[in-house]
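Student: Mapping the sequence shown onto UniProt numbering, position 332 (from 1) lands on 332, and the numbers just tick up by one.
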Amino acid sequence: MEGTDRAVLVSPELEIFEWSCLRLVYQITGTGSIQVHLRPHGENFDYTLWTADKPSDSWLIASVDLRNVSRTYQLLMEARPNQDSGNSIAIFEIHIIPGYCIECNFEEHHLCGYSNQWNPNVNWYVGGSLARDPQSNLPDDHTMNNQRGHYMYVDSVYAKRFQEVAKLVSPMTTTPMAGCLSFYYQRNQARGNFFSVFTRDQLGHYEEIWRPDVYATQTWKQVQVDIQAQHPLEVVYEVAFNSPRGGFVAVDDISFSSQFCHNETEPTFDPSVANCDFEDSLCQYYQERVGGAVWNRVSVRPNIYRIGDHTTGSGSYLLGNTRFTSRPGYVGRLHGPYLPGNHKYCLRFYYALHGFRKIDNALALYLYDEKNVAQEKIWTVSEGYRDMWTEVDVTYEKPMATKIVFVSICRNFWDCGQVAVDDITVTLGDCRPLRPPAGHCYFETGDCGYTQEKRSKKGHWLRIRGHTPTSYTGPKGDHTLGVGYFMYIEASYMLPGQSARLLSPELRGSIGPQCLTFFYHMYGSGTGTLSILLRRGDSLKERLLWSRRGEQSISWMKATVDYECSIRHKIIFEAVRGSSIRSDIAIDDIVFKNGPCKGNLDWNRPSVFSDN
């Protein structure tokens, strides 16, 4: 791999129309990483399915769920070893088998990616075949119903200490799934052991989903339990013993079906009913009508004095405690829809502070139960930049149905902070940092493969967080988080008319329209020009797709660009410095996707490159 930083192994084109599981036997020596990508036919980008970067002294098993799709695709194994000597990445086996990755009959030598979480005192072992101990009276395998098959078991005979737990852990699910988990088990001895099955998420949170209602089973007994894994989960089989005569527990033939085991199980709940960008209405949110409305839906046209909404820069958002609605001693509550209990939710939204008054009570977030009683305050605003959208994410879980309520308190004239709210989203699972999907770049962890075009006497794009150094130009923060990174040109480092060009990674051509969206910030009395160009193949020929000149708004503005190109190409972001140092230009949140842009804000006609 001299002269390069990665190696890519590409599969032939695959037609797999049923849910399947990719099993990969690999090893990382030293430092480096390995990733598995899916490349759908006809799309510009690869979708990352799995990644690993931890070194090991032995071969490891990776299990990656492949959802049923209606078109052909390829799988890519990408290795990135550190260039220092002694670092390497190896692949020993690649298997694609029908079914789910959490299914296993334990007949394969790699145990379907199941692992024993090592404990020096008590562990799971492979049973059946020659691995039999007459002291334990272990059973025949369930799959074959003879002594040749295999299963997993844990036995008190081998326990060195008691009240400790042996854990058999499934592969982590890599895509949302819901249905019926089924397995068989045997358990001898009346009260000598404790057996439970849990799910465990990526943060290590456990939830018990089953425990036996009988103490001993002389034959294999089937268990069926419904699970809803809308975020990555492992299934953990736990056994503990309370004495040397605790007997054994054996597990075999784990399977999964997309149909629920029990008719009374509620279908997977979609929490997006609580999403709202306030572009057209309040969605399913409402406010108390006591003494008039405190929260008002407002729209701000692009200008250089007042920020617009977070969604597009020219849309609508909610504003509380305006000079027309604020009343000392009043509490304004914005109620969301009820969401079912016993789910873990991630709430994300954006807020912005306005004005000069205190903000101690400007905004807080509560959970209310079905009796409309406040249960818990889960977030409150803290001092920050004014007139800048900032992201908040909160994870919560309650056993009962709850709703989220945004509360703003106006105590008096000086303690009546004006606050705006926009782009509320609710998803299942923890608020883990979002990994950008294929074709997305937020600049939070790097430049996403974008490169500078090196030319003499030209400017450069810079990656920065926070406000730009020159007053009265540039944004106060990024568009993604409010406190994250973005790319911009610093006009004070350039001469009037000089340009900086940022090139996208090479994009595969595709048949049909493509959509590019991004956010741009052009604020400053001397602002120059921002242009989007398309460069086809190895040619230096470029075509203008989109352009803006001069000061546009104090807000981040959304741009949408439709284009077509059937061969490999690059997209170029070109910023030209204007007449003065108040000419900073910034970009953030670049997204490429298939199909025409919906609700195109810029009304661009698509630019088409033919193959000729």
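Backbone N, C-alpha and C define an ideal beta-carbon position, used for all residues, glycine too.
Looking at the secondary structure, which residues open and close the beta strand (DSSP E) in which serine 196 lies?
Tutor: Segment 193-201, the beta strand (DSSP E) holding serine 196.
Student: By the three-class DSSP mapping on this structure, what secondary structure does cysteine 112 have?
Tutor: DSSP places cysteine 112 in helix when its eight states are reduced to three.
Student: Can you find the residues in the same chain that come closer than 6 angstroms, C-beta to C-beta, to glutamate 238, ignoring five residues on each side of it along the sequence?
Tutor: Around glutamate 238: Val165, Lys167, Ser196.
Student: Return the first residue and the last residue of the beta strand (DSSP E) that residue 613 is part of.
Tutor: Not covered by the structure: residue 613. The range shown for the chain is 1 to 612.
Student: Sort Leu14, Arg536, Phe194 by Cα distance to valine 69 and report the nearest one.
Tutor: Closest option to valine 69, Cα to Cα, is Leu14.
Student: Report the partner residues of threonine 48 according to the DSSP bridge assignment.
Tutor: His37.
Student: In three-state terms, what does DSSP make of serine 85?
Tutor: Coil, per DSSP.
Student: Can you tell me which of Lys398, Trp295, Val591 puts its alpha carbon nearest to the alpha carbon of serine 408?
Tutor: For serine 408, the nearest C-alpha among the options comes from Trp295.
Student: If serine 156 sits next to asparagine 193, beta carbons under 8 angstroms apart, how far is it from one beta carbon to the other, in whole angstroms?
Tutor: The pair is a contact, with the Cβ atoms about 7 angstroms apart (cut-off 8 angstroms).
Student: State yes or no: is the C-beta of valine 36 within less than 8 angstroms of the C-beta of valine 64?
Tutor: Cβ distance < 8 angstroms, so valine 36 and valine 64 count as in contact.
Student: So, at 6 angstroms on beta carbons, what are the nonlocal neighbours of serine 580 in its own chain, with the 5 sequence-adjacent residues on each side left out?
Tutor: Only Gly526 meet the Cβ criterion.
Student: Just grab the DSSP bridge partners of proline 98 for me.
Tutor: Proline 98 pairs with Ser20.
Student: How is tyrosine 215 classed by DSSP in three states: helix, strand or coil?
Tutor: Coil.
Student: According to the neighbour-count rule (16 or more other Cβ atoms, all chains shown, within 10 Å of its Cβ), is methionine 400 buried or exposed?
Tutor: Exposed is the call here.
Student: Output needed for aspartate 387: all residues of its chain with C-beta closer than 8 angstroms, excluding positions within five of it in sequence on either side, in chain order.
Tutor: The answer, listed in chain order, is Arg306, Ile307, Ala352, Leu353, His354, Lys476, Ile554.
Student: Leaving out five residues on either side along the sequence, give the residues of the same chain with a beta carbon under 6 angstroms from the beta carbon of cysteine 597.
Tutor: For cysteine 597, where only same-chain residues beyond five positions count, the Cβ hits under 6 angstroms are Cys515, Thr560, Asp562.
Student: Does the beta-carbon of tryptophan 556 have 16 or more other beta-carbons within 10 angstroms, so that it is buried, or is it exposed?
Tutor: Tryptophan 556 is buried by the Cβ-count criterion.
Student: Sorted by chain position, which residues of the same chain lie with C-beta nearer than 7 angstroms to lysine 593's C-beta, five sequence neighbours on each side aside?
Tutor: Cβ within range, chain order: Gly439, Cys515.
Student: Can you tell me whether DSSP reads valine 300 as helix, strand or coil?
Tutor: In the structure shown, valine 300 sits in coil (DSSP, three-state: anything other than H, G, I, E or B).
Student: Do the stretch 28-35 and the stretch 85-101 meet, that is, are 3 or more Cβ pairs less than 8 angstroms apart?
Tutor: Cβ pair count under 8 angstroms is three or more, so yes.
Student: Isoleucine 424 and asparagine 188 look like a contact to me (Cβ under 8 angstroms); what is the Cβ gap, rounded to whole Å?
Tutor: In fact, because the Cβ distance is near 53 angstroms, the residues do not count as touching under 8 angstroms.
Student: Taking just the CA atoms, how far does alanine 586 sit from lysine 542?
Tutor: Reading off the sequence shown, one finds glutamate at residue 542, where the question assumed lysine. Taking the straight line joining both Cα atoms gives about 22 angstroms.
Student: Provide the residue span of the beta strand (DSSP E) that contains glutamine 498, from first to last.
Tutor: No beta strand (DSSP E) holds glutamine 498; DSSP gives it neither H nor E.
Student: Helix, strand or coil: how does DSSP classify tyrosine 158 here?
Tutor: Of the three classes helix, strand and coil, the one that applies to tyrosine 158 here is helix, per DSSP.
Student: Use the C-beta contact count for glutamate 93: other C-beta atoms within 10 angstroms, 16 or more gives buried, fewer gives exposed.
Tutor: By the 10 Å Cβ count, glutamate 93 comes out exposed.
Student: Out of Asn303, Ile532, Arg508, which one is the CA nearest neighbour of aspartate 538?
Tutor: That would be Arg508, whose Cα lies nearest to the Cα of aspartate 538.
Student: Report yes or no: do three or more beta-carbon pairs, one from the stretch 270-288 and one from the stretch 137-146, lie closer than 8 angstroms?
Tutor: As far as the Cβ criterion goes, the stretch 270-288 does not touch the stretch 137-146, which means the pair count is below three.
Student: Let me check one thing: in DSSP terms, what residues is glutamate 376 bridge-paired to?
Tutor: Answer is Leu367.
Student: Are there three or more Cβ pairs, one per stretch, closer than 8 angstroms when the stretch 41-54 is compared with the stretch 107-120?
Tutor: They do not touch, by the three-pair rule.
Student: Roughly how many whole angstroms lie between the Cα atoms of leucine 545 and tyrosine 485?
Tutor: Each residue's Cα considered, the two are about 25 angstroms apart.
Student: In the DSSP output, which residue or residues are listed as bridge partners for phenylalanine 92?
Tutor: Phenylalanine 92 is not bridged to any residue.
Student: Express the C-alpha separation of glycine 482 and arginine 348 in angstroms, rounding to a whole number.
Tutor: Their backbone Cα atoms lie some 13 angstroms apart in a straight line.
Student: Which partner residues does arginine 348 have in the DSSP bridge list?
Tutor: Answer is Asp393, Thr425.
Student: Short of 7 angstroms in beta carbon distance, which residues of its chain neighbour glutamate 453, apart from the five on each side in sequence? Order them along the chain.
Tutor: Excluding positions up to five away in sequence, the list reads Arg501, Leu503.
Student: Comparing C-alpha positions only, which one of Val223, Ser258, Val298, Lys160 sits nearest to asparagine 242?
Tutor: Answer by Cα proximity: Lys160.
Student: Assuming contact is defined by CB atoms lying nearer than 8 angstroms, are arginine 67 and threonine 175 in contact in what I supplied?
Tutor: Yes. Within cutoff.
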